[in-house]
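Residue numbers (the working numbering): 80 to 236.
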Ligand code: MG
């Protein structure tokens, strides 16, 4: 059986935060705000996986009212969701993502993100797509005030 899931996330880019995206710390004067480390790319992937298994969404599993997940590395949430997925007999076939950011440039960090994310997802590097786009200066994302991420995940058992 094959199932597909879809995820989206957006976080404001604010001063005084580290920029964590795709499990990588990226040198940049601002970072993504949020209850966790703000890693919207990992959040979108988590939501795509949960959407595929039908287990709800990241907000339901890891509510931001939970002090335990305050400042948590989103990779830990992804590892937790992968453990659930495997316990259900699922494996990930492939994941594809889009990161919409006016800056920083995503492409120079894609290889590093894959190195972190592929082992967690049980994928080789061809199984994970990470594509950087700008928003052509339109809206909050285009003004560099936020980064938005989209993800699809195909799973099978
Ligand atoms: Mg989020």
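The beta carbon of each residue, even a glycine, is placed where N, CA and C say it ideally should be.
Computed from a prediction, not measured in an experiment: that's the story for all the values here.
Residue 85 - partner residues in DSSP beta bridges: 231
For residue 202 and residue 174, believed in contact at Cβ under 8 angstroms, the rounded distance: 7 angstroms
Min CB distance residue 155 to chain D below 7 angstroms: In the structure shown, chain D does not exist; there is a single protein chain.
Proximity winner among 126, 98, 80, 83, relative to residue 180 (alpha-carbon distances): 98
Segment limits, beta strand (DSSP E) that includes residue 105: 103-105
Chain-order list of residues whose beta-carbon lies under 8 angstroms from that of residue 215 (same chain, five-residue window excluded): 221
Residue 88 Cβ short of 6 angstroms to the ligand MG heavy atom set: yes
Reference residue 176, options 198, 135, 155, 185, closest by Cα: 185
heavy atom of the ligand MG below 6 angstroms from residue 119 C-beta: yes
Proximity of residue 89 and residue 232 at Cβ, strictly below 7 angstroms: no
Ranges of the alpha helix (DSSP H) found wholly within the segment 141-225, counting only runs of at least 4: 153-166, 186-200, 218-221
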